[in-house]
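Each remark here refers to the structure printed beneath this line.
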Amino acid sequence: MSYQSGWKAINLEFSARVPRTEYSAQSYHWPLVQRVTGIDTSIEANREKAKKEFVKKWDYAFMWMTPGGYRFKEGKTTKMGHAEYAAGGTDFDTRRECPFKTLEEVYNFDPCAEYERRNQEELVKELNAEYIKTKDYWGDAALTMGGVYHTIFSGLIEIFGWEMLLLAIGKDSKRFNKVIESYYHWIKQYFDAWARTDCKVFMSHD
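Put into structure tokens, the structure is as follows:
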């Protein structure tokens with residue numbers, strides 16, 4: 050049912066119920082998963098089974114995947130800390146570090162030169178393999194969608210942090226446009242690669 054409702058939603062067709070999804074409940078909130086499924090998630094060996102059962106019971110229409118191949122490797126990024134979201138606060142982080150000390154450093158930054166350029170053929174194979182693996186994992190439970198997370202806004206936020214990003218845009222948007230253009234050319238390699246995979250449905254984060 051969920052797989053079919055996902056397809057209907059993508060094609061703007063009516064289904065018996067309004068299609069829905071969640072992006073992390075099944076992997077971060079084990080007490081909730083246990084409450085819904087009745088499976089003891091305090092036992093880690095049970096979690097994979099519980100996760101699949103949870104997705105079925107909550108009737109996910111689609112599952113979004115964003116493989117980590119487009120992480121920034123050893124290039125510059127900003128640590129902004131992280132609020133508590135996961136069960137037990139395991140994702141809470143107080144670290145705050147920005148490698149950019151001045152706006153001049155921001156304006157002179159070249160993402161294309163800083164971050165890894167992937168071999169396109171290898172990237173297509175890598176993403177396609179991840180897509181097939183994920184699609185097979187979820188089966189009929191939900192429609193598997195490929196995607197890119199670090200698009201223009203999300204990527205630039207992770208690189209510069211909110212403060213330096215907003216200051217740079219507000220101070221001299223024309224100079225910062227060059228940084229955006231460079232980042233566009235860098236992230237585009239992942240969109241190009243996804244277009245050549247077997248993925249039927251693709252979603253961009255922003």
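Offset between the sequence shown (1-based) and the numbering used here: plus 49. Think of the CB as a built atom: it goes at the ideal place given N, C-alpha and C, for glycine as much as any other residue. Here the structure is a predicted model, which means the values were calculated and not measured.
Starting from residue i, trace the beta strand (DSSP E) in both directions and tell me its first and last residue.
i: T261; result: What is shown of the chain runs 50 to 255, which leaves residue 261 out entirely.
i: G130; result: K128 to H131
In chain order, what residues of the same chain have a beta carbon less than 7 angstroms from the beta carbon of residue i, not counting five sequence neighbours either side?
i: A135; result: Y77
i: L214; result: L205 and I206
i: R145; result: K128, M129 and G130
i: D142; result: G130 and H131
Going by DSSP, what residue range makes up the alpha helix (DSSP H) through residue i?
i: G219; result: I201 to K220
i: M55; result: In the sequence as displayed, the identity of residue 55 is Gly instead of Met. It spans S51 to I59 - the alpha helix (DSSP H) in which G55 sits, taken as one unbroken run.
i: R84; result: W79 to T86
i: D185; result: Q169 to W187
i: C161; result: P160 to E163
i: Y156; result: L152 to Y156
When the Cα atoms are used, what is the spatial distance from residue i to residue j?
i: I92; j: A110; result: 27 angstroms
i: G188; j: Y239; result: 25 angstroms
i: L81; j: M252; result: 27 angstroms
i: S231; j: M114; result: 25 angstroms
i: T86; j: A74; result: 13 angstroms
i: I88; j: N95; result: 7 angstroms
i: P116; j: Q169; result: 15 angstroms
i: K106; j: A58; result: 19 angstroms
i: N157; j: K101; result: 47 angstroms
i: D255; j: K182; result: 25 angstroms
i: G124; j: P148; result: 10 angstroms
i: E97; j: G195; result: 21 angstroms
i: L61; j: E179; result: 27 angstroms
i: K249; j: T126; result: 32 angstroms
i: K184; j: F209; result: 34 angstroms
i: L176; j: Y186; result: 15 angstroms
i: K150; j: E171; result: 36 angstroms
Taking the DSSP output, what are the residues bridged to residue i?
i: R69; result: Y109
i: L192; result: F111
i: S253; result: V197
Here's a check: name, in chain order, each residue in its chain whose Cβ is nearer than 6 angstroms to the Cβ of residue i, leaving out the five neighbours to either side.
i: D108; result: S51
i: W235; result: P160, C161 and Y164
i: A217; result: L152, V155 and F225
i: S64; result: S54 and K57
i: F103; result: Q75, V82, V85 and T86
i: V67; result: none
i: W79; result: T90 and A136
i: D140; result: H131 and Y134
i: A99; result: V82, T86, I88 and T90
Can you find the residues in the same chain that come closer than 8 angstroms, C-beta to C-beta, to residue i, ignoring five residues on each side of it along the sequence?
i: Q173; result: Residue 173 is actually Val in this sequence, not Gln. Excluding residues within five positions, the ones whose Cβ falls inside 8 angstroms are A242, R245 and T246.
i: D211; result: For the record, residue 211 in the displayed sequence is Trp; it is not Asp. Excluding sequence neighbours, W211 sits near M129.
i: K220; result: L152
i: E71; result: W107 and Y109
i: K227; result: Y156
i: R166; result: W235 and Q238
Would you check whether the ligand GTP has a heavy atom nearer than 7 angstroms to the C-beta of residue i?
i: Q53; result: The ligand content of the structure shown is nil, which means the ligand GTP is not present either.
Meets three-Cβ-pair contact criterion under 8 angstroms: the region 189-203 and the region 51-64: yes
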